[in-house]
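J.:
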Amino acid sequence: MRNRVRRAPKPQDNAYIQEVLSALKANPEKIEILARNCDEYKQQLHLKRGFLKAIERLEWVIHASKDIEQFEKSILADDYIGEVIRRYPLLFKGIKS
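Take the sequence shown: its letter number 54 is residue 403 in the working numbering, and every next letter is one higher.
#1: Could you check which residue in 432, 393 and 371 has the C-alpha nearest to that of residue 417?
#2: Rounded to a whole number of angstroms, what is the C-alpha to C-alpha distance between residue 397 and residue 415?
#3: Taking the runs of the alpha helix (DSSP H) that are 4 residues or longer, which of them lie wholly in the segment 354–438?
#4: Apply the 10 Å Cβ neighbour rule to residue 401 and answer buried if 16 or more other Cβ atoms are within range, or exposed otherwise.
Next comes the structure, spelled out in structure tokens:
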């Protein structure tokens, strides 16, 4: 088997995620917007399987995180869950404003 080559993440995506996380640190109540985004997207009929998995993983992280610091570590982690969530920055819509 060939080893898969990992693509480097796009710098603008990482910058956006960093901005979102700093906005969440400044105003932790905005985590409710993330939960609403997940609910809104789950109601749509035709979504990619990967996007649905990202929604599930984000909901897990929201429920498992005790504070914003732990939430940030989970999102920025270089594990499967962090990578899946960061792949879909649309989930963080409405946090920066």
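Using N, Cα and C, we set each Cβ at its ideal position, and we do this for glycine too.
T.: On the basis of the data shown:
#1: With distances taken between Cα atoms, residue 417 lies closest to 371.
#2: Approximately 29 Å, taken between the alpha carbons.
#3: Correct list: 360–375, 380–391, 398–413, 417–425 and 429–435.
#4: Looking at its Cβ environment, which holds fewer than 16 other Cβ atoms inside 10 Å, residue 401 is exposed.
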